[in-house]
Amino acid sequence: MQATPVSQSSWTYLSNEPAGRRELGAAWATVLVSTTVFVAAVAYASTPLPQVPAFIPIYVTALVICDLITAVLLFGQYRALRSVAMLVLAGAYLFTASATTAYALVFPGLFAPDGLLGAGLQTSSAMYMFWHAGFPLAVMGYAVSKGNCTGRPSLPWLKRGKARLGILLSVAVVVLLVAGFTIFATA
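Numbering-wise, the sequence shown is residues 3 to 189 according to my numbering.
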C-alpha cells in the first residue's frame with residue numbers, strides 16, 4: 003500500500019480558517035470574564051501593594067520567551083504560506099520581544115541604579131510607550147494585509163521562493179526600529 007502524496011495546496015492552516023460560532027462564543031466569553039474581573043478589581047486600585055524586586059525581571063523574561071517562541075512559529079507559517087500577513091505578525095512579536103528587552107535594559111534598578119545605556123528619568127517610560135504602541139500598530143498592519151493571506155505570494159520577491167529574504171528583511175526592520183526607539187528614548 004502506497005501513501006498518497008499530499009500537496010501543499012490541500013493543507014489546512016489555522017491562520018487561513020475563519021472563526022466559527024464556537025470560537026466567537028469563546029472570544030465573547032473571554033471578554034465578559036475579563037471585564038467582570040476588571041470591574042471587581044477597580045475597588046482595589048488605590049490599595050498599595052508590597053514591592054517585589056524580582057517581579058520586573060521575571061515578568062520581562064516570561065514576556066520575551068513567549069514572544070520569541072510565537073515569532074519563530076509565525077515565521078514558520080510565513081515560510082509555508084508565503085503570506086505577507088504572517089510575516090507582519092511574526093515581525094510584530096519579534097518587535098515586542100526586542101522592545102521588552104530594551105525596556106528591561108533601561109529600567110532603573112534592574113541592571114544599574116539609573117538603568118543601562120545612559121538612561122534618564124523618563125527613558126523607561128518612553129520605551130514602555132514605544133513597546134505598547136508598536137505592537138498594536140503592527141497587528142493593525144497584519145489585519146490590513148490579512149486579505150492577502152490566500153497562500154499565494156503577494157509580492158514579486160516572494161514568488162521566487164525567497165522566504166529567507168523576507169524573514170531577514172523583517173528582522174532587520176525590527177532591529178532598526180527598536181534601536182532607533184531606544185536611542186531616541188535615551189537621548
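Ideal Cβ positions, reconstructed from N, Cα and C, are used throughout, including at glycine.
I need the boundaries of the alpha helix (DSSP H) containing E25, first residue and last residue.
Reading the sequence shown from its first residue, position 23 is the one you call residue 25. From DSSP, the alpha helix (DSSP H) with E25 extends over R23 to V44.
Sort A187, A140, K164 and T49 by Cα distance to V175 and report the nearest one.
Your numbering for residue 175 matches position 173 in the sequence shown. Checking every option, the nearest Cα to that of V175 belongs to A140.
Starting from the C-beta of G120, find all residues in its chain whose C-beta is less than 8 angstroms away, skip the five residues before and the five after it, and write them out in chain order.
Counting from one through the sequence shown, the residue named residue 120 turns up at place 118. Only T188 meet the Cβ criterion.
Hey, which unbroken runs of the alpha helix (DSSP H) at 4 residues or more fall wholly within the stretch 73-128?
The qualifying runs are 86-108.
Taking buried to mean at least 16 other C-beta atoms within 10 Å of its own C-beta, is A94 buried or exposed?
Counting from one through the sequence shown, the residue named residue 94 turns up at place 92. Buried.
Classify S48 as helix, strand or coil using the three-state DSSP reduction.
Stepping through the sequence shown from its first residue, residue 48 is reached at position 46. Coil at S48, not helix or strand.
Could you tell me the distance, in whole angstroms, from the CA atom of L34 to the CA atom of A42?
Counting from one through the sequence shown, the residue named residue 34 turns up at place 32. Counting from one through the sequence shown, the residue named residue 42 turns up at place 40. Using only the alpha carbons, I get a separation of about 12 angstroms.
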